[in-house]
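Quick notes on the structure that follows.
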Amino acid sequence: MNETITTYCRMCLDECCIDVNVNDGKITDIRGNKKHPWSEGRICVKGKAAKDWVYSKDRIKKPLKKNANGWEEISLEKAIDEIAEKMNKLKEEYGAQSMSVWKGEATGFNQQEEYIRRFCHAFGTPNFFSCDSICFASVYMAYCLVEGTRPTPDFENSKYIIIWGTNPIYTHINMAARIKKARENGAKLVVIDPRKTITASSADMYVQIKPGTDGALALGIINLIIKNSWYDKDFVDRYTIGFDKLKNYAQKFTPDYVEKETGVSKDILYSIARDFYLNSPRALNHSGNGIEHHENGVNNTRLIASIGALCGCIDKIGGELLMRGIGSRSLTLYNEIPLEDIKPIGSDEYPLLYKYRKECNSMLGIETILSGDPYDIKGMIVTAANPVLTNPNSNKVKKALEKLELLVVRDLFMTETAKLADYILPAASFLERSELVLHSSIKRVGLRKRILKYEDCQDEYEFLESLSKKLGIKKYFPWNNEDCVNKWLLKRTDVSYDELNESKLGIKYGDIKYKKYEKEPFNTPSGKIEFVSEYLKDFGYSELPEYKSPSYNDLSNKDYPYVLVTGARKLYHVQSRKDTMPNYLKEKIFPEVEIHPNDAERLKLKDKDIVRVNSKIGSIEMPVKIVGQTDILPGVIQITHGWNSSNVNLITDDLTNDSLSGFPNLRSLPVSLEKVN
Ligand SMILES: Nc1nc2c(c(=O)[nH]1)N[C@H]1C(S)=C(S)[C@@H](COP(=O)(O)OP(=O)(O)OC[C@H]3O[C@@H](n4cnc5c(=O)[nH]c(N)nc54)[C@H](O)[C@@H]3O)O[C@H]1N2
Ligand SMILES: Nc1nc2c(c(=O)[nH]1)N[C@H]1C(S)=C(S)[C@@H](COP(=O)(O)OP(=O)(O)OC[C@H]3O[C@@H](n4cnc5c(=O)[nH]c(N)nc54)[C@H](O)[C@@H]3O)O[C@H]1N2
Ligand code: SF4
Ligand SMILES: [Mo]
Numbered sequence: 002m003n004e005t006i007t008t009y010c011r012m013c014l015d016e017c018c019i020d021v022n023v024n025d026g027k028i029t030d031i032r033g034n035k036k037h038p039w040s041e042g043r044i045c046v047k048g049k050a051a052k053d054w055v056y057s058k059d060r061i062k063k064p065l066k067k068n069a070n071g072w073e074e075i076s077l078e079k080a081i082d083e084i085a086e087k088m089n090k091l092k093e094e095y096g097a098q099s100m101s102v103w104k105g106e107a108t109g110f111n112q113q114e115e116y117i118r119r120f121c122h123a124f125g126t127p128n129f130f131s132c133d134s135i136c137f138a139s140v141y142m143a144y145c146l147v148e149g150t151r152p153t154p155d156f157e158n159s160k161y162i163i164i165w166g167t168n169p170i171y172t173h174i175n176m177a178a179r180i181k182k183a184r185e186n187g188a189k190l191v192v193i194d195p196r197k198t199i200t201a202s203s204a205d206m207y208v209q210i211k212p213g214t215d216g217a218l219a220l221g222i223i224n225l226i227i228k229n230s231w232y233d234k235d236f237v238d239r240y241t242i243g244f245d246k247l248k249n250y251a252q253k254f255t256p257d258y259v260e261k262e263t264g265v266s267k268d269i270l271y272s273i274a275r276d277f278y279l280n281s282p283r284a285l286n287h288s289g290n291g292i293e294h295h296e297n298g299v300n301n302t303r304l305i306a307s308i309g310a311l312c313g314c315i316d317k318i319g320g321e322l323l324m325r326g327i328g329s330r331s332l333t334l335y336n337e338i339p340l341e342d343i344k345p346i347g348s349d350e351y352p353l354l355y356k357y358r359k360e361c362n363s364m365l366g367i368e369t370i371l372s373g374d375p376y377d378i379k380g381m382i383v384t385a386a387n388p389v390l391t392n393p394n395s396n397k398v399k400k401a402l403e404k405l406e407l408l409v410v411r412d413l414f415m416t417e418t419a420k421l422a423d424y425i426l427p428a429a430s431f432l433e434r435s436e437l438v439l440h441s442s443i444k445r446v447g448l449r450k451r452i453l454k455y456e457d458c459q460d461e462y463e464f465l466e467s468l469s470k471k472l473g474i475k476k477y478f479p480w481n482n483e484d485c486v487n488k489w490l491l492k493r494t495d496v497s498y499d500e501l502n503e504s505k506l507g508i509k510y511g512d513i514k515y516k517k518y519e520k521e522p523f524n525t526p527s528g529k530i531e532f533v534s535e536y537l538k539d540f541g542y543s544e545l546p547e548y549k550s551p552s553y554n555d556l557s558n559k560d561y562p563y564v565l566v567t568g569a570r571k572l573y574h575v576q577s578r579k580d581t582m583p584n585y586l587k588e589k590i591f592p593e594v595e596i597h598p599n600d601a602e603r604l605k606l607k608d609k610d611i612v613r614v615n616s617k618i619g620s621i622e623m624p625v626k627i628v629g630q631t632d633i634l635p636g637v638i639q640i641t642h643g644w645n646s647s648n649v650n651l652i653t654d655d656l657t658n659d660s661l662s663g664f665p666n667l668r669s670l671p672v673s674l675e676k677v678n
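For the sequence shown, the positions run 2 to 678 when this note's numbering is used.
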């Protein structure tokens, strides 16, 4: 039988709507669905490749248990039995908090993540680690502090778009398409990045900035906006607090100072501030990973957020919208089982990360496994993550995972993390599970369809339900399958599950409402937009979003004269999922160091020569790619993460972190370079 099933890709977080052709139960083709208003037929090479990815010969389809000689296949039932028995033993001996779960990017940040949060509290441990604590938690926290939530940029209707540290043409193809539409209607795009990315090359203005100095640039813009009375006085008076303090602080960020600190000329600074004002309120800022992975990431982002707030671009058409979600029920058990007596790891050091995100700092998780302080962590379930390649200081991550008494990894492939496990459980891919798919910026919900089924490859729900049965906590997983959960989740919304199930392209859930703040307070402690935060003061932080010059400028780092930016995405692969992407990808991909021609010349390097990159943590070797004169700032190099053969996280630092979020510095690391002969 030949049929076409409409569903959503989850090779990355853009969740494009796709049509999957299935012939006699086998996927033969994946195409973009042209009718869906989110992705309008767009599909990238990774989405196309999903067809080969799910059928890869390397896929793990049976549970594996480690023994003295390597791996043995065991039945799923036996594996779950043994894991449950070991977990209960750890609970008895060290307490439930000695168990933990670590969730990665590949299953998303909604429903699959909530199952795990639920499971942790049902078992009795608050120790939920996730890639979120090095992915988007920092930008989320920053916007919560200023505006009470992270806004959704109204790209299509905007006239002036500034994007800071993100490359959507590679990383968020649907956002890039929305920006393109705005530009067709006359909007101007400004891209701020130390590297001239494909998005930067096509922008109206490319601003080449020194890594980690965006806060100084934002303060320079704020200073000019206030000095020239370009801000929205009425909005500021009525709906914000802390204006005078921000004004005084920003005065130090004169155009001369900003030019010296950031490398951005006074003329460019002036034209950004003026054009933002001229286009307000149809003007917006949006920032990505490039702003987060720094020692001062949260405050730099708070400053970026303050620009839109000053100009009154909040919750207005073409500005930064404060969208409401669908209102689905929460699967977490924070009210039912609050676990107040157990300190979640990192909640003392980074209280705000725990307050806003209810998650533990993953770098401190690794530290705790090794030190046993404040208590023992002895067991971990890792799902949809490969922290040995993706978390900073890989050797330390590896050492910690090796020390565990129980490590269970759920994945489709034998990853570097899976190799350390006691048990590997085969996981279902996104084509093998059913879940709600939310496109919140267009207020649409869809249903991912289960298209394939391998007997032992469980989805997250099946796994946690079967494990909870053995652990005696089945009552917290009462649903028969994910379809029942989907129904339960939607119960209090305006969307009927049955209708959703019938609909091919999902359902719109309500309209966008603007200027909601006229009737209700912002979701901040004061109910207003907060340029300064009294709340932060209570935790011992400065109330102002202060700027800190990056530590590569410290004299103590003079032996490391280059600045390493890591993690810039390529179109062809996601994170560490490289070796598992089938070979038919058009572009051969390999790890490389992007370097400026002048730096290459100084080091006598030709294209593809091998260079050694040294940080305070360690060294790695890799071929260089000499880029164009204006493609990267001299003195800055870039290495994409996630390669096992040359893993940049062997030299990234896990402990020089942002004091508010605990995010590691992955994008302005002092390093030295030497040619390898
Ligand atoms: N140096 C440096 N390091 C970084 C970054 C950086 O910029 N620089 N970026 C960070 C960011 S933003 C992130 S989000 C993290 C990501 O880090 P991780 O969350 O560790 O992401 P992946 O490396 O993609 O690992 C995902 C794993 O999930 C598996 N998988 C795929 N689909 C499924 C599924 O449906 N179920 C299950 N159970 N498994 C599945 C894949 O095979 C893969 O092994 O990396 C971070 N690391
Ligand atoms: N193809 C593909 N798409 C992806 C992913 C993937 O791995 N592959 N990963 C997904 C995930 S989990 C995430 S979190 C997102 C990340 O999405 P993006 O945030 O778009 O990630 P990057 O490609 O790293 O783009 C960040 C840019 O910031 C720049 N940058 C570095 N330091 C600074 C700085 O100090 N200031 C400024 N202004 N810029 C700086 C870098 O040069 C880089 O061009 O992408 C998602 N989409
Ligand atoms: S951008 Fe590509 S990988 Fe991401 S959801 Fe869309 S098709 Fe899939
Ligand atoms: Mo991420």
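Each residue gets a CB set at the ideal place from its N, CA and C atoms; glycine is no exception. The structure presented is a predicted model; accordingly, all values stated were derived computationally and were not measured.
- Counting C-beta atoms within 10 angstroms of its own C-beta, residue 561 has 16 or more neighbours from the protein chains shown and is therefore classed as buried.
- At least 7 Å separates the beta-carbon of residue 201 from that of residue 224.
- Exposed is the label assigned to residue 69, since fewer than 16 other Cβ atoms lie within 10 Å of its Cβ.
- With the rule of 3 Cβ pairs closer than 8 Å, the stretch 407-423 counts as touching the stretch 371-387.
- Following the DSSP letters along the chain, one finds residue 364 inside the alpha helix (DSSP H) bounded by residues 363-372.
- Between residue 672 and residue 616, the gap from beta carbon to beta carbon is short of 7 Å.
- Secondary structure note for residue 440: its beta strand (DSSP E) is the uninterrupted segment 436-440.
- In the displayed model, residue 501 falls within a helix according to three-state DSSP.
- Taking 7 Å as the cut-off, the beta carbon of residue 276 is found closer than this to the beta carbon of residue 161.
- Between residue 263 and residue 219, the CB-CB gap reaches or exceeds 7 Å.
- For ligand 3, residues qualifying as neighbours are 10, 12, 13, 15, 16, 17, 44, 45, 47, 48, 174, where qualification means a beta carbon closer than 6 Å to at least one of its heavy atoms (chain order).
- Within the stretch 18-98, the complete alpha helix (DSSP H) segments of 4 residues or longer fall at 46-55, 77-95, listed in chain order.
- At the C-beta level, residue 507 and residue 575 stay beyond 7 Å of one another.
- In the structure shown, the three-state DSSP call for residue 202 is helix.
- Burial state of residue 71 is exposed, judged by a 10 Å Cβ sphere holding fewer than 16 other Cβ atoms.
- In the three-state DSSP reduction, residue 624 falls in the strand class (E or B).
- A distance below 7 Å separates the beta carbons of residue 363 and residue 392.
- 612 is the residue among 612, 143, 293 whose C-alpha sits nearest the C-alpha of residue 647.
- Annotation: residue 301 to residue 665 spans about 14 Å, alpha carbon to alpha carbon.
- Look at residue 642 here: in three-state DSSP terms it is coil, with no helix or strand label.
- Its chain contains 322, 324, 442 as the residues whose beta carbon lies nearer than 6 Å to that of residue 153, once the 5 sequence neighbours on both sides are disregarded; these appear in chain order.
- Membership of residue 210 in any beta strand (DSSP E) is not indicated, and neither H nor E is assigned to it by DSSP.
- Counting along the chain, the unbroken beta strand (DSSP E) around residue 103 starts and ends at 100-104.
- For the stretch 93-171, the full-length beta strand (DSSP E) segments reaching 3 residues or more read 100-104, 129-131, 161-165 along the chain.
- The alpha-carbon separation between residue 17 and residue 374 amounts to approximately 43 Å.
- Within the DSSP secondary-structure output, residue 459 pairs in a beta bridge with 428.
- In the three-state DSSP reduction, residue 310 falls in the helix class (H, G or I).
- Following the DSSP letters along the chain, one finds residue 352 inside the alpha helix (DSSP H) bounded by residues 352-358.
- Beta bridge pairing from DSSP links residue 674 with 614.
- Below 8 Å, enough C-beta pairs join the stretch 466-473 and the stretch 76-91 to call them touching: three or more.
- Ligand 4 has a heavy atom closer than 6 Å to the beta-carbon of residue 136.
- Here the distance from the Cβ of residue 231 to the nearest heavy atom of ligand 2 is not below 6 Å.
- Remark: the C-beta of residue 299 is outside contact range of ligand 1, defined as less than 6 Å to any heavy atom.
- Less than 7 Å divides the Cβ of residue 292 from the Cβ of residue 165.
- Residue 674 and residue 554 have their C-alpha atoms spaced approximately 17 Å apart.
- Per DSSP, residue 176 is not a residue of any beta strand (DSSP E); the alpha helix (DSSP H) it occupies stretches across 174-185.
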